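For the sequence shown, my numbering begins at 6 and goes up steadily by one. The beta carbon of each residue, even a glycine, is placed where N, CA and C say it ideally should be. It should be emphasised that the depicted structure is a prediction, and the values quoted were computed from it without experimental measurement. I have placed the structure first, in the form of structure tokens, so that the comments after it can refer back to it.
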Amino acid sequence: MTLGMCRAVSLTGIEGSLIDIEADVSAGLPATRIVGLADTAVAQAEHRVRVALGNTGQPYPDTRLTVNLVPAGAPKHGTAFDAAIAVAVLIAQGIVPPHPSRDTVVLGELTLEGRIRPIPGVLPALLGAVRGGVTKAVVPRENLPEARFVDDIHVVGVDDLIELIRLLGAQPHPRDRPPVPPSGRSRRGEPADEADELTPSNAERVHTPPDLSEIVGQHDAVEALIVAATGRHHLMLTGSPGAGKSMLANSLATLLPPLSRREQLEVTAVRSLTSRTGVCELPTQPPFEAPHHSLTMAGLIGGGSSLRPGLVSLSAHGVLFLDEAPEFRTHVLDSLRQCLETGTLTLHRAGVVGRLPADFQLVMAANPCPCGYATEPESTCTCTPSQRRRYLARLSGPLLDRVDLRVGVGRVRSHRALIDDAETLTSAQAREQVARARAASAERLRPFGHELNSQVSGETLRGRLRLTPQATATLDRALDLGTITLRGYFRLLRIAWTLCDLAGDQSPDSEHIARAMSWRGGGEHDR
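Okay, structure coming up:
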């Protein structure tokens with residue numbers, strides 16, 4: 006007997022790290038021990054591997070077997086180690102020849118009949134393997150489309166344990182018949198019928214937003230929407246029911262440019278963690294998430310022992326739209342504060358520290374009071390002043406201070422809609438404006454390593470991008486009076502730079518600053 010070794014990948018968030026799996030067969034009473042901070046799912050691999058080997062005609066040690074997962078101090082979660090453990094056990098028994106190279110990883114969950122089932126997180130696992138120097142990988146065949154998105158690695162898909170053994174250069178022990186493929190699939194894993202390709206787990210979430218031309222009579226809000234799309238500024242829309250807040254927020258998706266290759270991989274990596282069957286295509290459009298106001302902290306932030314991503318990560322590089330924002334739990338909304346500042350989410354769970362992306366654009370919509378009609382002069386508001394204060398107080402000052410644009414959306418009268426119809430801007434026209442302005446900001450910010458104005462640090466705004474005292478006079482006065490915070494000061498400067506880029510100017514002036522301040526709003530939440 007020899008020491009069997011195989012490599013797999015452990016995921017913490019979307020970060021993959023290489024794991025060496027060692028199997029040692031020694032004299033003693035029949036017993037199997039899996040060591041190395043394995044969770045329950047990994048520890049139960051003993052039973053899956055034992056039965057799968059038996060049902061495919063392969064031997065399992067009838068003496069003492071020790072399986073060690075190295076590094077032993079790193080927690081391991083899930084069932085993705087099954088196939089690699091089986092390979093290590095077969096190498097230890099001399100069934101499969103030892104692998105001289107350490108440049109191959111094996112991923113997959115075993116069924117009792119010896120099939121290799123798909124697993125979540127194949128894309129981030131292989132990205133981590135490539136960073137560790139791995140050049141070859143064996144994955145479940147159903148995960149193969151997703152695995153092929155990773156460059157610099159040769160990936161092979163397998164259906165079952167017999168195929169895996171042959172792939173590794175060994176001749177499996179004979180068996181009466183091979184394992185039965187899963188119901189509805191052919192031997193090679195192709196869909197058995199067209200309907201199988203259309204299952205919700207394989208289909209990309211489709212968000213069909215309204216075109217900007219469908220919005221009439223809201224020129225100020227549309228302009229703010231274009232500014233938000235250009236600089237990826239956070240946005241809040243406040244107005245009475247039926248004013249068009251939700252339509253405006255949804256149309257933001259039509260103004261955003263396609264995802265870059267890096268963003269596509271990161272978005273797919275996060276979605277891969279929530280889908281066992283994997284992702285068949287790289288998304289081209291930014292994600293758009295609009296949860297119900299009953300959303301919990303775990304649903305928003307994510308977590309659990311395996312650091313499952315929440316909506317802040319699923320909306321990374323896209324839009325997180327919180328309609329009826331005051332109806333959300335206050336502590337749930339306040340959990341967004343760190344994400345809005347850093348663009349990343351660091352979770353600590355049971356000694357595990359994981360990083361998840363959280364670089365999303367926040368859009369909130371709210372009524373001005375519980376009945377919704379406080380701002381309508383011709384409507385009768387049934388709320389008392391204290392009810393109005395308590396309602397909007399659910400949105401804390403620190404959260405609102407991180408929202409760049411706060412726009413009031415009034416109800417549209419029928420005669421205004423008819424007049425404005427001829428002046429309507431389409432999403433295609435607005436998208437061209439956004440693209441030109443983003444190109445200008447990317448050119449200016451290239452020396453600083455940024456592309457968008459919302460990414461510029463306060464140090465840069467105080468230094469090389471410092472404006473003249475004449476341009477910032479109104480802003481400086483507001484800061485001296487305490488009507489805006491220092492954070493709000495810099496956010497207004499970023500909005501002014503975005504307005505400058507949209508106008509095609511070289512540098513913001515006092516008019517750009519004044520326009521930015523008109524959207525920022527003042528009062529109690531800025532103090």
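query, result
"Reference E332, options V357, S299, G315 and P262, closest by Cα", "S299"
"Which of helix, strand or coil DSSP assigns to V185", "Here the model assigns V185 a pLDDT of 47, short of 50, so the residue's position is not dependable, and the following value carries that caveat. Coil."
"CA-to-CA distance, T335 to L430, given in whole angstroms", "36 Å"
"Backbone secondary structure at D506 - three-state DSSP", "helix"
"Endpoints, alpha helix (DSSP H) assigned at K250", "K250 to S256"
"Beta carbon of T37 nearer than 9 Å to that of P80", "no"
"DSSP state of E20 mapped onto helix, strand, coil", "strand"
"The alpha helix (DSSP H) enclosing T479, as first and last residue numbers", "A478 to L486"
"H159 - partner residues in DSSP beta bridges", "K141"
"Range of the contiguous alpha helix (DSSP H) that encloses G236", "H224 to G236"
"Beta bridge counterpart(s) of R360 as assigned by DSSP", "G18 and T351"
"Reduced DSSP secondary structure (H/G/I, E/B, other) of R532", "Residue placement at R532 is poorly supported in this model, since its pLDDT is 37, which falls under 50; the coordinates are not used for a value here."
"Three-state secondary structure assigned by DSSP to A79", "coil"
"Among L240, L257 and T380, nearest to R525 - alpha-carbon criterion", "L240"
"Rounded distance between the beta-carbons of S512 and L472, thought under 8 Å", "7 Å"
"D157 burial status per 10 Å Cβ neighbour count (16 or more: buried)", "exposed"
"Beta-carbon spacing of I231, Q438 below 9 Å", "yes"
"N-terminal and C-terminal residue of the alpha helix (DSSP H) that I489 is part of", "I489 -> no alpha helix (DSSP H), and no H or E assigned at all."
"Buried or exposed by the 16-neighbour rule on C-beta atoms within 10 Å, applied to D485", "exposed"
"Boundaries of the alpha helix (DSSP H) in which L131 is found, first to last residue", "V127 to R136"
"Residue span of the beta strand (DSSP E) that contains L338, given as start and end", "L338 -> not in any beta strand (DSSP E); alpha helix (DSSP H) instead, spanning T335 to D339."
"Cutoff 7 Å; reference P125; Cβ partners in own chain excluding five residues on either side", "S277, L278, T279, S280 and R281"
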